[in-house]
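Colleague: One structure, as C-alpha cells, below. Some questions next.
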Amino acid sequence: KKEEFTTHTPGHVEMYTCGPTVYHFAHIGNLRSYIMEDVLEKYLRYAGYPVKRVMNITDVGHLTSDADEGEDKMLKGARREHKTVMEIAKYYTDAFFADCDKLNIKRPDVVEPAANCISEYIHMVQTLLDKGCAYLAGGNVYFDTSTLKQYYVFNDHDEEDLAVGVREGVEEDTNKKNKNDFVLWFTKSKFEDQALKWDSPWGVGYPGWHIECSAMNRKYLGDTIDIHCGGKDLVFPHHENEIAQSECANGCTFANYWMHNGYINVDNVKMSKSLGNFKTVREIANVYGYEVIRYFLISSHYRSPINYSLDIIEQCKSALERLYTCRDSLDFAIKNAAEETKENDAELIAELDKRREQFITAMDDDLNTADGLAAIFELTKDINTKILDHDVSKAVCEHAAKLYDELCNVLGILYNRKENTLDSDIEALVEKRQEARKNKDWATADKIRDELKAKGIILKDTPQGVTWTKE
Ligand code: ZN
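The opening position of the sequence shown corresponds to residue 27 in the numbering used here, with each subsequent residue numbered one higher.
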C-alpha cells in the first residue's frame, strides 16, 4: 500500500537491492528491477536525499526453483561452460555491469559478492541458533519458521508463487520440521561436487541463498533499513525469509518500505525460462540499442505488469527519437535566438515550470514514471508549439533546455547526448592537430595523434582533409 515516505535516519536513505545471480546474461525481466531502483535512487537524490545503496552479487548458494529444481544455478552455469564457479561468476558479473553501464544504471555505493561475507553469515546463523530460531538436522542448519509470530508478511502472494517457493531447492528434504523451513547453512546436500566450501562451527559447507542478503544488510546498513527493492518473483520465499532471519537475529524491523516491481509478459504471455520466451538485454540491444530498453522499462508504472512485443519496442524507439529531436532543436534555437529579453519571457518560463510540478507530482506518487514521462511529453509539446520557430529570447530557450535535461536526467534518458559532447571534444583535438601540422610542429601533431589513439580514435588523412573513426 502507499504510505508517506520518511527516513529513519533523518535526511539519509538506506536502500538495498537483491543483486543478480551471475550464471548467465541478464534478461530484461532482471533489468526491470535494476532500472526501477536506479530511477528511485536518481529521484531520491533529485529530491535532496543522500542515498546509500547496497547490492549483493549471488555467486554462491542459489538453488533454482524452475523445472530442474534443486540444482545450483552457479554450478549449472559452470558445467555448461566447462569452467569453475568463480570464473563464471567473474565473467557474468562483468557482463552484468557492462549492460548496466550501457543502460545508464548507476552502480550502487556497495556491490558485494556473496562469497566475501562468509564470516558474517556464520555469525548470523549462530545468533539464530542461540536465540532458538534455528536447528541442526542431518548436518544442515535450518531456520525454524514455527518460531515466528508471522511468516507470510506480504499480502499479495498467489497460489502459484507459494507452490514454487515451497518447492525451491529442498522439496524432498525430510530434515525440515515445517514445510517453509529453509537452509541457513549446508554441510550435507546432493551437491557433493560443490567446489565452494568454507569452515563453519557445523562443518565444512556453504551458506543458503537467503542469509546473504540479511547478513549484508546488517554489515553495511545496520539492523533496520529504509527501502528494500526487488522483483515480485523474490517476494516468496526470498524476501519472506530475509525478514524472518533479520528480524529474529536483530530483534527489530528489517525494512521500513518494500518496493517490488511487476513481471514482464512477452506478447501477452508471462516471460519465463521454462517457456523459452525470455529475451536477454543483449539480444534486444543488438537491434534497437540499449536506451530503447531503458525507455521501454520506465514507460509503465513499476508495479504493473509490462508487455514486451516488437511493436511496442518500435513505438518506444520513435518516442525516444521525438525527445531527442526536441532537445537537439533547442540547442539549435539557443545558438540562433536573440540575446535581448522579451516581454513574455516570464510568462513562458512560468508555463514551462508547470511541467516540472506535474513531473514531481507523478514521481512523488509511488514513483509513477509513466506519468513522469507524460509530463516530459507535455513539455515537448509546449516547446514545439511555443518556442521552436517562434521569436523567443535566448534566455527562454536556455531555460527550456535546462528543464528538459533536469527531468530527463531523473529518468536517466537522453544519455546518449553525452556522446555528442565527446564528438565535439574529438573534433577540437583533430583541429588542433591540423593546426600543428600546418605550422610544421610535428611533435605536437604526433602527441595529439597518440592521445586520440588512446581514446580509440583512428585518424585518416584524405585529400579532402582528416577524417576519424572509432575503433
Ligand atoms: Zn535478497
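We put the CB at the ideal spot given by N, CA and C, even for glycine.
So, do the region 327-334 and the region 132-145 have three or more beta carbon pairs nearer to each other than 8 angstroms?
Modeller: no
Colleague: Below 7 angstroms CB to CB, which residues in the same chain sit around Y246 once its five sequence neighbours on both sides are set aside?
Modeller: Translated into the one-based positions of the sequence shown, residue 246 becomes position 220. V80, V136, listed in sequence order.
Colleague: What is the DSSP secondary structure of M297, reduced to helix, strand or coil?
Modeller: Along the sequence shown, read from residue 1 onward, the residue named residue 297 stands at position 271. Coil, per DSSP.
Colleague: In the region 92-151, which residue ranges form an unbroken beta strand (DSSP E) of at least 3 residues, counting only runs that do not cross its ends?
Modeller: 136-139
Colleague: Going by CA-CA distance only, name the one from T250, A471, L57 that's closest to D487.
Modeller: Position 461 of the sequence shown, counted from the start, is the residue given in the question as residue 487. Among T250, A471, L57, the Cα nearest to that of D487 is on A471.
Colleague: Does the Cβ of E453 lie closer than 8 angstroms to at least one heavy atom of the ligand ZN?
Modeller: Counting from one through the sequence shown, the residue named residue 453 turns up at place 427. Because no heavy atom of the ligand ZN lies under 8 angstroms away, the Cβ of E453 does not count as near it: no.
Colleague: Please state the DSSP three-state secondary structure of R193.
Modeller: Position 167 of the sequence shown, counted from the first residue, corresponds to residue 193. Confidence in R193 is poor, its pLDDT being 49 and thus under 50, which makes the residue's placement too unreliable to answer from.
Colleague: So, at 7 angstroms on beta carbons, what are the nonlocal neighbours of F212 in its own chain, with the 5 sequence-adjacent residues on each side left out?
Modeller: Taking the sequence shown and counting its residues from 1, the one referred to as residue 212 is at position 186. Within the same chain, F212 has close Cβ partners N166, G231, Y232, G234.
Colleague: Any residue with its C-beta under 5 angstroms from a non-hydrogen atom of the ligand ZN counts. Can you list them all in chain order?
Modeller: C44, C239
Colleague: Under 6 angstroms Cβ to Cβ from Y441, same chain only, skipping five residues before and after it: list those, please.
Modeller: For the purposes of this step, residue 441 is taken as the residue at position 415 of the sequence shown. Excluding positions up to five away in sequence, the list reads N130.
Colleague: Here's a check: name, in chain order, each residue in its chain whose Cβ is nearer than 7 angstroms to the Cβ of L393, leaving out the five neighbours to either side.
Modeller: To locate residue 393, count along the sequence shown from 1; it is residue 367. Answer for L393: V65, L66, Y69, Y328, listed in chain order.
Colleague: Candidates G74, I251, W228: which alpha carbon is nearest I285's?
Modeller: Working through the sequence shown from its first residue, we reach residue 285 at position 259. For the sequence presented, residue 285 should be read as Met rather than Ile. Of the residues G74, I251, W228, the one whose Cα lies closest to the Cα of M285 is I251.
Colleague: Taking 7 angstroms as the limit between beta carbons, can you name the residues of its chain near A421, skipping five residues before and five after?
Modeller: In the sequence shown, residue 421 corresponds to position 395, counting from 1. Its chain contains T367, D371 as the residues whose beta carbon lies nearer than 7 angstroms to that of A421, once the 5 sequence neighbours on both sides are disregarded; these appear in chain order.
Colleague: Beta-carbon within less than 8 angstroms of Y283's beta-carbon, same chain only, minus the 5 sequence neighbours each way: which residues are those?
Modeller: The count along the sequence shown starts at 1 and reaches residue 283 at position 257. Excluding sequence neighbours, Y283 sits near E29, F31, D252, I253, H254.
Colleague: Of all the CB atoms in chain C, is at least one closer than 9 angstroms to the CB of E457?
Modeller: In summary, chain C is missing from the structure at hand, where a single protein chain is found.
Colleague: Go through its chain and collect everything with a Cβ distance to R353's Cβ below 8 angstroms, but skip five positions before and after it.
Modeller: For this step, residue 353 is matched to residue 327 along the sequence shown. Counting only Cβ-Cβ distances below 8 angstroms, and skipping sequence neighbours, we find A427, Y430, D431, C434, L440, R443.
Colleague: Assuming C278 is part of the alpha helix (DSSP H), what are its boundary residues?
Modeller: The residue labelled residue 278 in the question sits at position 252 within the sequence shown. Premise fails: C278 is in no alpha helix (DSSP H) and is neither H nor E.
Colleague: Nearest to E309 by alpha carbon, out of H53, T110, K464?
Modeller: Locating residue 309 in the sequence shown gives position 283, counting from the first residue. The shortest Cα separation from E309 among H53, T110, K464 belongs to H53.
Colleague: Do you know how far the Cα of A480 is from the Cα of V313?
Modeller: Within the sequence shown, residue 313 is the residue found at index 287, counting from 1. Within the sequence shown, residue 480 is the residue found at index 454, counting from 1. Taking the straight line joining both Cα atoms gives about 28 angstroms.
Colleague: According to DSSP, is F358 part of a helix, a strand, or is it coil?
Modeller: For the purposes of this step, residue 358 is identified with residue 332 of the sequence shown, where counting begins at 1. Helix.
Colleague: If I'm right that V261 touches F180 with Cβ under 8 angstroms, what's the distance once you round it to whole angstroms?
Modeller: Here residue 261 refers to the residue found at position 235 of the sequence shown. Here residue 180 refers to the residue found at position 154 of the sequence shown. Yes, V261 and F180 are in contact; Cβ-Cβ is about 5 angstroms, under 8 angstroms.
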